[in-house]
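A.B. asks: Take this structure, written in structure tokens, and hold onto it; I'll ask about it next.
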Amino acid sequence: MDDNDEDFFSDDGFEDLPPGTLLQLEENAVRATQWSQPTAPSGLKVPSFRMDVTEDDHPVPLDQRIPSHDITTLPPPPRLHTGLTGDYGALDVGELDAEVFDDGSAIVLDGSFTHPEQQDLPVPHAFEVHDADQAPIRDHPAEYMEVEGDFSPHGAQLQHDYNLLMEKLAQENARYKELVDELTAAKTTAATKNGEIAIIRSNQAKLSDNYERQLVALRKQLAEEIGRHRGEVEAARAEGKMLATENAFLKQDLAEESMRIHARKPKDRPEETPAPETPKKTRVLPFRDGFNDEEILAVSPTKPTPSKHYTTTARGKRRRQLSPDRQAGLPLDAPAAPQTAEPLAPDDPDPDPSDEEEMEMEMEDTVADRPARTADDDAHARVTKRLLNHRTYPNEQSDLEVLGRLAFPSAPQRTLSTRLLEETATRNRGSYLMDYAEAVIALWAQALAEKYFAPVPIFLAVTREVLALDARTPGSGLIELLVPVLQDSGDVNGVPRFRHSPQSRQSSGQIRRTPASQLEPRVDATAALALLHQIACSRLHVAADLERFWRCMRYDFVLMMLNCAQPLHDLILTLSLLATSVQPDAFGSLLDTEADQRANENYVIDRVANLLSETPQPDEGAAPYPAAAVCQLRLEALSLLQAIAFNAMAPGSRHGSEAIAAHPTVLARAIRAMHDELDALYRFPPERALHATLVNGLMRLVYGVLRRHPDQVDLPSKLGRLAGGKQKFLVALTRLAFSEGLVLEEGIDDETVEMAHAILDDAVNPQEAEALQEAFSSSRREE
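Quick note on numbering: the sequence shown equals residues 153 to 935 in this note's numbering.
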């Protein structure tokens, strides 16, 4: 076949087909090229597609598949019936040419139709998609499928819906590509960040390692420097001691040599020129015996020359009287030949009186050159002897001898006496007393840490002796060291007692006495509290020392020692100790922050107010406390509350009274204690004077706080926090307001009665006041 044959298309007898067959073929072709759609609100159907996937292709997701429906559901386009009649009498179809491209890209209808057999092409009843990338149908743009020709309104609507679907698919595809790009960019950014983080972590690890190495090197260098410095200090001390010893020996040798030099007469001593004096008259002696007159000494053999206890002096110098305890000179025997005197032998020279005087003066100068022994040296020597010879009752031996038989469990090969002397030698406070005290405190702290209580009584007694000997500033240099150790000593027995108190969580609100098996008798908490009180009282006049003291005091220790399970004398000592802490703007232990300080102050006044009504519980096996002792404890608690509310050192300060007024229950507890004390007073006990004093003091406390802070105190609400608080308030205040001070109410002051009247006037209305007055008046008349 040539080229002309290839360009020639034969109809193969297509024109000879009957009109009915041609119409059927056209309908089948149209139906094959249309898509069924679900019913839309407008009555149209959305076209749908079916995708034939080959075995080599991956399956398309369900949400991307376009289902295929029966193509016979669509009616033929109305235009195909143009010119047709019911019996095909007038059939004018015209030429229908159709071109179908089977490359899977497009189908074009241009108004003509050709029989499929003539073109060897199948009727396109479905679209086959072969995409190497397995892209969904929406990846094909709208221009890949075009339908041309004249369609009815139904076909135009289908074309419009199809275009909209293609546009939506194109938009989704674009959005999908954007999301993919964003995901890729995010992954890239995350990888970059991860790399940067890894680099930063690596650098941080390197810096940390470098820092650790530098820190270890610096610590090592510091330890070496400290060791070297200590060695130099010890060497300097040893050298100083050695030089001092050599200096003392040299001074002694010098003094002895000076005495030996002046003891003998110098041979080359120049003659002294005698002082001018009146010349004596030459006396003519009647007898001549061959001697010069000045060589003859007239001495009476029977009348010795009286000797005077005076030292000889040179000319022109004052004589010094000898000491009374000096022995008199030996008497000289009279010469064999009286009236004559033998000349002295040249090898036995008589000492010159002027030489003897000079020797004595040199000796005095040598003694004057020596350092004078002052009163401080004598006091220091007495203190050292007293400490070394100190004995702790009931030991009959000195403390060093007793400590020589004791040793810590951690170092049993070294005795405590050796440790004490070594610790004292290593310290240099400029005072042996302070060095010895610091060594004792260090050993005391170690004994408490190891729970080795045998030497604790000795340490406590020695510390008390040190405070007694330190008359200048007792305890000021030992506050930071001694106060924590004394508190730890109080914890030894204070903690077990607190665990048996009603306030402890372990007791579940029950009162249990502390068994003796849980207490340590060798640690005296009372003595430790007494030492703390002594130190605080001795530093009351020094504000800086008192502040340092209360910063060293633990607030939990103070609150624990205010518990009713503690011994009565310990409670009284703690209250007296707290009285030294009252300042114009604070009281109790001093804490770092303002909030902590205010909370601690609330805890303190709460515990002190509880002591107004609580009864102290002695240890197991001990006798109950007498009523007078309990009253004394409550008086101490009341005195502390009054000192806090009305500071005598700063009368204008309102810090303490404001804290009491703001507390929710302190005033109510004071009124309840007043009611209880009145009940006890009416029983006429032996200690009724103490009960009356308590009533007067409690009334002054309540009245003073109410008058200072009338706007801050809501008394009815505070009374409602206690069971029966309002009733006890009315009973107690009414009894006091109408008190006549007779037998049962003896000791109630008139001021207390007036204060009760003033408080009642503010607390009750006039009708209630008249009813109370009438009730008490009738009761008085019945009596």
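Ideal placement from N, C-alpha and C gives every residue a C-beta, glycine not left out.
Predicted model, so just to flag it, every value in this text is computed and none were measured.
Using the Cβ count rule (16 or more neighbours within 10 Å means buried), how would you classify HIS312?
C.D. replies: Start at 1 with the first residue of the sequence shown, and residue 312 comes out as number 160. That one is exposed.
A.B. asks: Helix, strand or coil for ALA800? Go by DSSP, reduced to three states.
C.D. replies: Here the question's residue 800 lines up with position 648 in the sequence shown. Coil at ALA800, not helix or strand.
A.B. asks: CB-CB under 7 Å to SER583, same chain, minus the five flanking residues each way: which ones, in chain order?
C.D. replies: As a first step, residue 583 is located in the sequence shown; it is residue number 431 there, counting from the start. The answer is none, since no qualifying residue turns up.
A.B. asks: Short of 7 Å in beta carbon distance, which residues of its chain neighbour SER765, apart from the five on each side in sequence? Order them along the chain.
C.D. replies: To locate residue 765, count along the sequence shown from 1; it is residue 613. For SER765, where only same-chain residues beyond five positions count, the Cβ hits under 7 Å are ARG821, ARG824, ALA825 and ASP828.
A.B. asks: Between which two residues does the alpha helix (DSSP H) carrying GLY773 extend?
C.D. replies: Here residue 773 refers to the residue found at position 621 when the sequence shown is read from its first residue. No alpha helix (DSSP H) contains GLY773, which DSSP labels as neither H nor E.
A.B. asks: What are the start and end residues of the alpha helix (DSSP H) that includes HIS909?
C.D. replies: Here the question's residue 909 lines up with position 757 in the sequence shown. Counting along the chain, the alpha helix (DSSP H) containing HIS909 begins and ends at 902 to 915.
A.B. asks: Would SER354 be called buried (16 or more neighbouring beta carbons within 10 Å of its own) or exposed?
C.D. replies: Numbered from 1 along the sequence shown, position 202 holds the residue referred to as residue 354. Around the C-beta of SER354, fewer than 16 other C-beta atoms lie within 10 Å, and the residue is accordingly described as exposed.
A.B. asks: How should ASN580 be labelled, buried or exposed, when 16 other C-beta atoms within 10 angstroms of its C-beta is the threshold for buried?
C.D. replies: Numbered from 1 along the sequence shown, position 428 holds the residue referred to as residue 580. Answer is exposed; the Cβ neighbour count stays below 16.
A.B. asks: When DSSP labels each residue in this structure, what does GLN404 get in the three-state scheme?
C.D. replies: By one-based count along the sequence shown, residue 404 stands at place 252. DSSP places GLN404 in the helix class (H, G or I) of the three-state scheme.
A.B. asks: Classify THR225 as buried or exposed, calling it buried when 16 or more other Cβ atoms lie within 10 Å of its own Cβ.
C.D. replies: Position 73 of the sequence shown, counting from 1, holds the residue named residue 225. With a pLDDT of only 44 at THR225, under 50, the local geometry of the prediction cannot be trusted, and no value is derived from it.
A.B. asks: Return the CA-CA distance between PRO868 and GLN919, expressed in angstroms with no decimal places.
C.D. replies: Working through the sequence shown from its first residue, we reach residue 868 at position 716. Working through the sequence shown from its first residue, we reach residue 919 at position 767. Taking the straight line joining both Cα atoms gives about 18 Å.
A.B. asks: Roughly how many angstroms lie between the CA atoms of GLN686 and LEU619, to the nearest whole one?
C.D. replies: Position 534 of the sequence shown, counted from the first residue, corresponds to residue 686. Position 467 of the sequence shown, counted from the first residue, corresponds to residue 619. The alpha-carbon atoms of GLN686 and LEU619 are separated by roughly 9 Å.
A.B. asks: Per DSSP, what kind of secondary structure is GLN735 in: helix, strand or coil?
C.D. replies: The count along the sequence shown starts at 1 and reaches residue 735 at position 583. Strand, per DSSP.
A.B. asks: Can we say the region 774 to 782 touches the region 844 to 853, given the rule of at least three CB pairs closer than 8 Å?
C.D. replies: Output reads no: the region 844 to 853 does not touch the region 774 to 782.
A.B. asks: Our contact map puts PHE790 next to LEU853 with C-beta atoms below 8 Å; I'd like the distance itself, whole angstroms only.
C.D. replies: Against the sequence shown, residue 790 aligns to sequence position 638. Against the sequence shown, residue 853 aligns to sequence position 701. According to the sequence provided, residue 790 is Leu. The question's Phe does not apply to it. With 8 Å as the limit, LEU790 and LEU853 qualify as a contact, their Cβ atoms being about 7 Å apart.
A.B. asks: Can you tell me the Cα-Cα spacing of VAL212 and GLN356, whole angstroms?
C.D. replies: Translated into the one-based positions of the sequence shown, residue 212 becomes position 60. Translated into the one-based positions of the sequence shown, residue 356 becomes position 204. In this predicted model, VAL212 has a pLDDT of only 44, less than 50, meaning its place in the structure is not dependable enough to derive any value.
A.B. asks: If you reduce the DSSP assignment to three classes, tell me which class ASP420 lands in.
C.D. replies: As a position in the sequence shown, residue 420 is number 268, starting the count at 1. Only weak support exists for where ASP420 lies, its pLDDT of 49 falling under 50; the value from the coordinates is given anyway. Coil at ASP420, not helix or strand.
A.B. asks: Measure the alpha-carbon distance for LEU725 versus LEU763 and round it to whole angstroms.
C.D. replies: Position 573 of the sequence shown, counting from 1, holds the residue named residue 725. Position 611 of the sequence shown, counting from 1, holds the residue named residue 763. LEU725 and LEU763 have their C-alpha atoms roughly 14 Å apart.
A.B. asks: Is the number of C-beta pairs between the region 660 to 676 and the region 706 to 713 that are closer than 8 Å three or more?
C.D. replies: no
A.B. asks: Measure the alpha-carbon distance for PRO837 versus LEU793 and round it to whole angstroms.
C.D. replies: Sequence index remark: in the sequence shown, residue 837 carries index 685 (1-based). Sequence index remark: in the sequence shown, residue 793 carries index 641 (1-based). So the alpha carbons of these two residues sit roughly 26 Å apart.
A.B. asks: Just confirm the distance between the C-beta atoms of PHE560 and ILE631, as a whole number of angstroms; I'd bet it's less than 8 Å.
C.D. replies: By one-based count along the sequence shown, residue 560 stands at place 408. By one-based count along the sequence shown, residue 631 stands at place 479. Rounded, the Cβ-Cβ distance is 26 Å, inconsistent with contact.
A.B. asks: In whole angstroms, what separates the C-alpha of LEU720 from that of ALA811?
C.D. replies: Taking the sequence shown and counting its residues from 1, one reaches residue 720 at position 568. Taking the sequence shown and counting its residues from 1, one reaches residue 811 at position 659. LEU720 and ALA811: Cα-Cα distance of roughly 26 Å.
A.B. asks: Taking the straight line between their C-alpha atoms, what separation do you get for LEU539 and ARG571?
C.D. replies: By 1-based counting over the sequence shown, the position of residue 539 is 387. By 1-based counting over the sequence shown, the position of residue 571 is 419. The straight-line gap from Cα to Cα measures roughly 16 Å.
A.B. asks: Taking all protein chains shown into account, decide if MET851 is buried (16 or more other Cβ within 10 angstroms of its Cβ) or exposed.
C.D. replies: Your numbering for residue 851 matches position 699 in the sequence shown. With 16 or more other CB atoms across the displayed protein chains lying within 10 angstroms of its CB, MET851 is buried.
A.B. asks: Rounded to whole angstroms, what's the CA-CA distance from VAL694 to THR732? Just pull it up for me.
C.D. replies: Residue 694 sits at position 542 when you count from the first residue of the sequence shown. Residue 732 sits at position 580 when you count from the first residue of the sequence shown. Cα to Cα, the separation comes out at about 12 Å.
A.B. asks: Evaluate MET705 with the Cβ neighbour count: other Cβ atoms within 10 Å of its Cβ, from every protein chain shown; 16 or more gives buried, anything less gives exposed.
C.D. replies: In the sequence shown, the residue the question calls residue 705 occupies position 553. Looking at its Cβ environment, which holds 16 or more other Cβ atoms inside 10 Å, MET705 is buried.
A.B. asks: Counting only the same chain and skipping the five closest in sequence on each side, list residues whose C-beta sits under 8 Å from that of LEU743.
C.D. replies: Here residue 743 refers to the residue found at position 591 when the sequence shown is read from its first residue. Within the same chain, LEU743 has close Cβ partners TYR707, GLN749 and ASN752.
A.B. asks: Mark PRO862 as exposed unless 16 or more other C-beta atoms lie within 10 angstroms of its C-beta, in which case mark it buried.
C.D. replies: In the sequence shown, residue 862 corresponds to position 710, counting from 1. Result: exposed.
A.B. asks: Just to confirm my understanding: we take SER728, look at its own chain, exclude 5 residues before and 5 after, and list those with CB closer than 8 Å. What are they?
C.D. replies: One-based indexing of the sequence shown puts residue 728 at position 576. Contacts found: HIS685 and GLU788.
A.B. asks: For the alpha helix (DSSP H) that contains ASN848, what are its first and last residues?
C.D. replies: Sequence index remark: in the sequence shown, residue 848 carries index 696 (1-based). First-last of the alpha helix (DSSP H) with ASN848: 840 to 860.
A.B. asks: Measuring alpha carbon to alpha carbon, tell me which of ILE663, ALA589, VAL644 and ALA668 ends up nearest LEU633.
C.D. replies: By one-based count along the sequence shown, residue 633 stands at place 481. Among ILE663, ALA589, VAL644 and ALA668, the Cα nearest to that of LEU633 belongs to ALA589.
A.B. asks: Identify whether THR340 lies in helix, strand or coil by the three-state DSSP scheme.
C.D. replies: Along the sequence shown, one-based indexing puts residue 340 at 188. Collapsing the DSSP output to three states places THR340 in a helix.
A.B. asks: Within its chain, find whatever has a CB closer than 8 Å to the CB of LYS345; leave out the 5 residues flanking it on each side and keep chain order.
C.D. replies: If you number the sequence shown from 1, residue 345 lands on position 193. Contacts found: none.
A.B. asks: Provide the residue span of the alpha helix (DSSP H) that contains PRO648, from first to last.
C.D. replies: Counting from 1 along the sequence shown, the entry for residue 648 is found at position 496. Where PRO648 is concerned, the enclosing alpha helix (DSSP H) stretches over 631 to 651.
A.B. asks: Among residues of its own chain, excluding the 5 on either side of HIS909, which ones have a beta-carbon nearer than 6 Å to its beta-carbon?
C.D. replies: Along the sequence shown, one-based indexing puts residue 909 at 757. Around HIS909: ALA889.
A.B. asks: Where does ARG700 fall in DSSP's three states?
C.D. replies: By one-based count along the sequence shown, residue 700 stands at place 548. Three-state DSSP puts ARG700 in a helix.
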